[in-house]
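Trainee:
2 protein chains.
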Amino acid sequence: MGKIYLDNAATSRNKPETVKKAILNYYENIGCSPGRGGYEDSLQAGRLIIEARKTIADLFNIDDLKQIIFTHNITYALNIGIKGILKKRDHVITSTMEHNSVLRPLNSLEKKGIINVDYIKCDEKGRLDPEKVEAAINKNTKLIILTHASNVSGALMPVKEVGEVASKNNIYFMIDTAQTAGIYDINFKRLKVDFLAFTGHKALMGPTGTGGFAVSKKMAAEMEPLIEGGTGSKSDQEEQPDFLPDKFESGTMNTMGISGLKAGIEFIKKIGIKKIREHEHQLGKVFLEGLNKIAEIKIIGPGNLREQIPTFSITGGAKDLGQLSFELDDKYNIMTRSGLHCAPFAHKTLGTYPEGSLRFSIGYFNTLPEIEFTLDVLKNIL
Amino acid sequence: MGKIYLDNAATSRNKPETVKKAILNYYENIGCSPGRGGYEDSLQAGRLIIEARKTIADLFNIDDLKQIIFTHNITYALNIGIKGILKKRDHVITSTMEHNSVLRPLNSLEKKGIINVDYIKCDEKGRLDPEKVEAAINKNTKLIILTHASNVSGALMPVKEVGEVASKNNIYFMIDTAQTAGIYDINFKRLKVDFLAFTGHKALMGPTGTGGFAVSKKMAAEMEPLIEGGTGSKSDQEEQPDFLPDKFESGTMNTMGISGLKAGIEFIKKIGIKKIREHEHQLGKVFLEGLNKIAEIKIIGPGNLREQIPTFSITGGAKDLGQLSFELDDKYNIMTRSGLHCAPFAHKTLGTYPEGSLRFSIGYFNTLPEIEFTLDVLKNIL
Numbered sequence: 536m537g538k539i540y541l542d543n544a545a546t547s548r549n550k551p552e553t554v555k556k557a558i559l560n561y562y563e564n565i566g567c568s569p570g571r572g573g574y575e576d577s578l579q580a581g582r583l584i585i586e587a588r589k590t591i592a593d594l595f596n597i598d599d600l601k602q603i604i605f606t607h608n609i610t611y612a613l614n615i616g617i618k619g620i621l622k623k624r625d626h627v628i629t630s631t632m633e634h635n636s637v638l639r640p641l642n643s644l645e646k647k648g649i650i651n652v653d654y655i656k657c658d659e660k661g662r663l664d665p666e667k668v669e670a671a672i673n674k675n676t677k678l679i680i681l682t683h684a685s686n687v688s689g690a691l692m693p694v695k696e697v698g699e700v701a702s703k704n705n706i707y708f709m710i711d712t713a714q715t716a717g718i719y720d721i722n723f724k725r726l727k728v729d730f731l732a733f734t735g736h737k738a739l740m741g742p743t744g745t746g747g748f749a750v751s752k753k754m755a756a757e758m759e760p761l762i763e764g765g766t767g768s769k770s771d772q773e774e775q776p777d778f779l780p781d782k783f784e785s786g787t788m789n790t791m792g793i794s795g796l797k798a799g800i801e802f803i804k805k806i807g808i809k810k811i812r813e814h815e816h817q818l819g820k821v822f823l824e825g826l827n828k829i830a831e832i833k834i835i836g837p838g839n840l841r842e843q844i845p846t847f848s849i850t851g852g853a854k855d856l857g858q859l860s861f862e863l864d865d866k867y868n869i870m871t872r873s874g875l876h877c878a879p880f881a882h883k884t885l886g887t888y889p890e891g892s893l894r895f896s897i898g899y900f901n902t903l904p905e906i907e908f909t910l911d912v913l914k915n916i917l
Numbered sequence: 536m537g538k539i540y541l542d543n544a545a546t547s548r549n550k551p552e553t554v555k556k557a558i559l560n561y562y563e564n565i566g567c568s569p570g571r572g573g574y575e576d577s578l579q580a581g582r583l584i585i586e587a588r589k590t591i592a593d594l595f596n597i598d599d600l601k602q603i604i605f606t607h608n609i610t611y612a613l614n615i616g617i618k619g620i621l622k623k624r625d626h627v628i629t630s631t632m633e634h635n636s637v638l639r640p641l642n643s644l645e646k647k648g649i650i651n652v653d654y655i656k657c658d659e660k661g662r663l664d665p666e667k668v669e670a671a672i673n674k675n676t677k678l679i680i681l682t683h684a685s686n687v688s689g690a691l692m693p694v695k696e697v698g699e700v701a702s703k704n705n706i707y708f709m710i711d712t713a714q715t716a717g718i719y720d721i722n723f724k725r726l727k728v729d730f731l732a733f734t735g736h737k738a739l740m741g742p743t744g745t746g747g748f749a750v751s752k753k754m755a756a757e758m759e760p761l762i763e764g765g766t767g768s769k770s771d772q773e774e775q776p777d778f779l780p781d782k783f784e785s786g787t788m789n790t791m792g793i794s795g796l797k798a799g800i801e802f803i804k805k806i807g808i809k810k811i812r813e814h815e816h817q818l819g820k821v822f823l824e825g826l827n828k829i830a831e832i833k834i835i836g837p838g839n840l841r842e843q844i845p846t847f848s849i850t851g852g853a854k855d856l857g858q859l860s861f862e863l864d865d866k867y868n869i870m871t872r873s874g875l876h877c878a879p880f881a882h883k884t885l886g887t888y889p890e891g892s893l894r895f896s897i898g899y900f901n902t903l904p905e906i907e908f909t910l911d912v913l914k915n916i917l
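Protein sequences appear in the order of chains A and B. Position 40, counted from 1, in the first sequence is what our numbering calls 575; the numbers after and before it change by one each time, with no gaps. Position 364, counted from 1, in the second sequence is what our numbering calls 899; the numbers after and before it change by one each time, with no gaps.
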């Protein structure tokens, strides 16, 4: 058994061969910046970016590819969204299962006295009751932010129901798809989302340095850009252009990374999201069944794949979780992640604060023998 | 003669072979996120990031590698610096030769009534008189921002003199090294800089998606983070950590890109910055002499390599500059850039607004035959 990578919630380590090919193709044959010159190779880089936007727009069912914005990673996307839309006295509703990429920007705006935030408490498995969201709405509520699935318990959030609530009340709806894009169907229009943040380097199979967001035209028009600079457009003006995507994309794009991301999404489309999900769910089921048979282990989260993604947090046994994670890697080449997973409120909700949990997150390139071997190891060492 | 790339001011197209190797090594052998897991391969990614910080700290003569922050590109770095340090009623001094990555953030803060900006007028070649900077200082002056060299005229700015002025008056000093890092000596301490913004994908030979800044501890302590989120540190807190580099680095790093950037800078150190500069200056001299012999051409800028970098803007002849740039590419495979180069004030200063100029920017991988061929073509078609 080679190395077993079970930290797919952090980044997808193994990528399709075509992603590497796309990166090398840009590196060796294009190498120029899009929109920064009128020569053929620069235009070719520009076309590559447009094709990547199309690929993403198609994945999320977005009408106009200009609504797709590329950023450094999903954290930048969430900050640009949160800090771009919220103004003095705005009220925000979010859950207690959010990642620090949502919590920290909200917390700093709240501490400055700019906004008020309601954190809707999820249950001990990390599940959210959408009715509680609706009950928290007040006349100043500008934005509801929800992760699509927890990076700790794996719990899937009721984005469809909350989208309806947001839409009915004319409130912007933002979702963080870090753990779901590429594995679950995410339909921008059907979910009534205004701002969909995505990461490129997790299940979308792209390289690091990629991510971004899709934004409704209404919300985009009301947002202020957080990052301003050269766009290669309206260069005669000292104001940031007010049109998409340039309003939110300044400076040289990561064209090398984006070319890899495009190839990653093309791979996903070729295999089919359903097939990818089914494979991961199958492994997840075997893993859950095995975990349930080990008396020392407590599963933190829903514990079934109707309510969660194949990311599993556990506690249990006499061993320190950090020590256990180290031992799994050191002796058995199994890569996991212990601790708080940049989500302190989630662990408080789940009753695992401040110790945290040990997390196993499955990806498309994991295999059944890997899962079985991991279960055997856990049985033996706990 | 193959393709001749003379748009190095936009991005370095040709990179050392070791940069590709470093990218592939990360992609194939590491692939994990640094600081996001306790397993060996994640720690290896973490060590790679630390080594990259060391390489950059050494290049710019920075004491503590924690002062090196990685961002998406230099535009993000400048925004994080400008919007992080400036508060209500602050006064800023800058020049009329700045890029939109400086102009646009300043302009938006000024339009909101937060800051006041003095744009010190440069002469018709783009040169700045440092005494004018000193004369513009008032009791509210918080920050002086200067490009190290214009991306339009190539004019080198008196950063040493202005650094003295800033230091004497206890004002933060920010420089934009987009056009100089990797070709000119930039000594953070000797130049008395507080914030040094760098791009990774130009003369530092790294891939796209890289850049960042070096910051003095004093200025860093006074800055607010623009982007907040998961740092893999202090995960129990909903506040962004207040220590470097985590205060300004959130979300998954572009470890693949940074590994390439590290290799790029190592290449530069191996060759030697002086040797790189001498090669580019030699080609620049030949190019300048040749341009001077073509009657139709007017050189926009100092016109000598004591006062400028080997980036040359021209106007002249009856031909439209966009058409000329297109023809150079289409018929002769020579890649240049015409227009305003994301620097409208610079073109106003140089008297080339709104038509712009045609820019030729030389890089280390250009050769003498390429320069001679380009001159021959210009002679023939003008």
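Every residue gets a Cβ at the ideal spot worked out from N, C-alpha and C, and that includes glycine.
Any beta carbon from chain A within less than 8 Å of B:Ala545's own beta carbon?
Mentor: Yes, B:Ala545 lies at the interface with chain A (some Cβ there is under 8 Å from its Cβ).
Trainee: With a threshold of 8 Å between beta-carbons, can A:Asn614 be considered close to chain B, or not?
Mentor: Interface residue, yes.
Trainee: Could you pull out every residue in the same chain whose Cβ sits closer than 8 Å to the Cβ of B:Gly891, ignoring the five residues on either side in sequence?
Mentor: Excluding residues within five positions, the ones whose Cβ falls inside 8 Å are Leu856, Ser873, Gly874, Leu875, His876, His882.
Trainee: Of all the CB atoms in chain B, is at least one closer than 8 Å to the CB of A:Thr846?
Mentor: With 8 Å as the cut-off, A:Thr846 does not count as an interface residue toward chain B.
Trainee: Could you give the first and the last residue of the continuous beta strand (DSSP E) run that contains A:Leu739?
Mentor: No beta strand (DSSP E) holds A:Leu739; DSSP gives it neither H nor E.
Trainee: Could you tell me which chain B residues have their CB closer than 8 Å to the CB of A:Arg624, listed as they occur along the chain?
Mentor: Those do not exist, as A:Arg624 stays about 17 Å from chain B at its closest Cβ, beyond 8 Å.
Trainee: What separation, rounded to the nearest whole angstrom, lies between the Cα atoms of A:Asp664 and A:Glu575?
Mentor: Roughly 54 Å between the two C-alpha positions.
Trainee: Mapping DSSP to helix, strand and coil, what is A:Leu681?
Mentor: The answer is strand: DSSP assigns A:Leu681 an E or B state.
Trainee: Leaving out the 5 sequence neighbours to the left and right, which residues in its chain are closer than 6 Å to A:Glu633 when beta-carbon positions are compared?
Mentor: Taken in chain order, the residues that qualify are Thr682.
Trainee: How close, in whole Å, do the beta carbons of A:Gly837 and A:Ala690 come, if the pair is a contact with beta carbons under 8 Å?
Mentor: Sequence inspection shows Pro at residue 837 of chain A; the Gly mentioned does not correspond to that position. About 6 Å; that satisfies the 8 Å criterion.
Trainee: Going by alpha carbons, who is nearest to B:Gly537 out of B:Ile916, B:Thr902, B:Lys914?
Mentor: When each option's Cα is compared against that of B:Gly537, the closest is B:Thr902.
Trainee: Flag this pair as touching only if the segment 611-619 of chain B and the segment 725-733 of chain B have three or more C-beta atom pairs under 8 Å; answer yes or no.
Mentor: The answer is yes - the segment 725-733 of chain B touches the segment 611-619 of chain B, with three or more Cβ pairs under 8 Å.
Trainee: Whole angstroms is fine: what's the gap from B:Ile897's alpha carbon to A:Glu815's?
Mentor: Taking the straight line joining both Cα atoms gives about 51 Å.
Trainee: Would you mind giving the Cβ-Cβ distance between A:Leu796 and A:Gly886, rounded to the nearest angstrom? I have them listed as a contact below 8 Å.
Mentor: That belief does not hold up - the Cβ atoms of A:Leu796 and A:Gly886 are roughly 37 Å apart, past 8 Å.
Trainee: Can you list, in chain order, the stretches of the alpha helix (DSSP H) that have 4 or more residues and sit fully within the segment 606-667 of chain B?
Mentor: The segment 606-667 of chain B contains these whole alpha helix (DSSP H) runs: 609-620, 635-646.
Trainee: Got a sec? Which residues, its chain only, sit under 7 Å from A:Ala545 by beta carbon, not counting five neighbours each side?
Mentor: Cβ neighbours of A:Ala545 beyond the five flanking positions: Arg872.
Trainee: Using only the alpha-carbon positions, how far apart do A:Glu669 and A:Val697 sit?
Mentor: For A:Glu669 and A:Val697, the distance between alpha carbons rounds to 8 Å.
Trainee: Closer than 9 Å, Cβ to Cβ, to anything on chain B: give me those residues from the segment 806-817 of chain A, in chain order.
Mentor: The residues in question: there are none.
Trainee: According to a CB-to-CB cut-off of less than 8 Å, which residues of the segment 770-781 of chain B neighbour chain A?
Mentor: Those would be Ser770, Asp771, Gln772, Glu773, Glu774, Gln775, in chain order.
Trainee: Answer yes or no: does any C-beta atom of chain B fall closer than 8 Å to that of A:Gly573?
Mentor: So, interface residue.
Trainee: If contacts are defined as beta-carbon pairs under 8 Å, then A:Thr553 and A:Phe802 qualify, I think. What distance do you get, rounded to the angstrom?
Mentor: Indeed, because the Cβ distance is near 6 Å, the residues count as touching under 8 Å.
Trainee: Taking the C-alpha atoms as reference points, what is the distance between A:Glu862 and A:Ile849?
Mentor: Rounded to whole angstroms, A:Glu862 to A:Ile849 spans 16 Å at the Cα level.
Trainee: Leaving aside the five residues before and after B:Cys567 along the sequence, list all residues of the same chain whose C-beta is less than 7 Å from its C-beta, in chain order.
Mentor: Taken in chain order, the residues that qualify are Asp576, Ser577, Ala580.
Trainee: Helix, strand or coil for A:Ile539 per DSSP?
Mentor: A:Ile539: strand per DSSP, three-state reduction.
Trainee: To the nearest angstrom, report how far apart B:Lys752 and B:Pro640 are at their CA atoms.
Mentor: Whole-angstrom Cα-Cα distance: 23 Å.
Trainee: Does the beta-carbon of B:Ile539 have 16 or more other beta-carbons within 10 angstroms, so that it is buried, or is it exposed?
Mentor: B:Ile539 comes out buried.
Trainee: Is it buried or exposed, A:Ala830, if we count other Cβ atoms within 10 angstroms and call 16 or more buried?
Mentor: Exposed, since its Cβ has fewer than 16 Cβ neighbours within 10 Å.
Trainee: Just mark B:Gln843 as buried or exposed, buried being the case when its beta carbon has 16 or more other beta carbons within 10 Å.
Mentor: So B:Gln843 ends up on the buried side.
Trainee: For A:Tyr888, which of helix, strand or coil comes out of DSSP?
Mentor: Here A:Tyr888 sits in coil by DSSP.
Trainee: Does DSSP put A:Gly717 in a helix, in a strand, or in coil?
Mentor: In the structure shown, A:Gly717 sits in coil (DSSP, three-state: anything other than H, G, I, E or B).
Trainee: Would you tell me roughly how many angstroms separate the C-alpha atoms of B:Leu678 and B:Lys647, rounded to the nearest one?
Mentor: If you take the alpha carbons of B:Leu678 and B:Lys647, they lie about 18 Å apart.
Trainee: Per DSSP, what kind of secondary structure is B:Met791 in: helix, strand or coil?
Mentor: B:Met791 falls in the helix class under three-state DSSP.
Trainee: Compute every distance between the C-beta of B:Ala853 and the non-hydrogen atoms of the ligand SAH, then say whether any falls below 7 Å.
Mentor: The ligand SAH is not part of this structure, which contains no ligands at all.
Trainee: Would B:Glu907 count as contacting chain A if we go by Cβ distances under 8 Å?
Mentor: No, no contact with chain A.
Trainee: Which whole-angstrom value describes the C-beta separation of B:Gly852 and B:Leu917, a residue pair presumed to lie in contact below a C-beta threshold of 8 Å?
Mentor: Correct: roughly 4 Å between the Cβ atoms.
Trainee: With the cut-off set at 8 Å, would you say A:Ser794 and A:Tyr561 are in Cβ contact?
Mentor: Yes.
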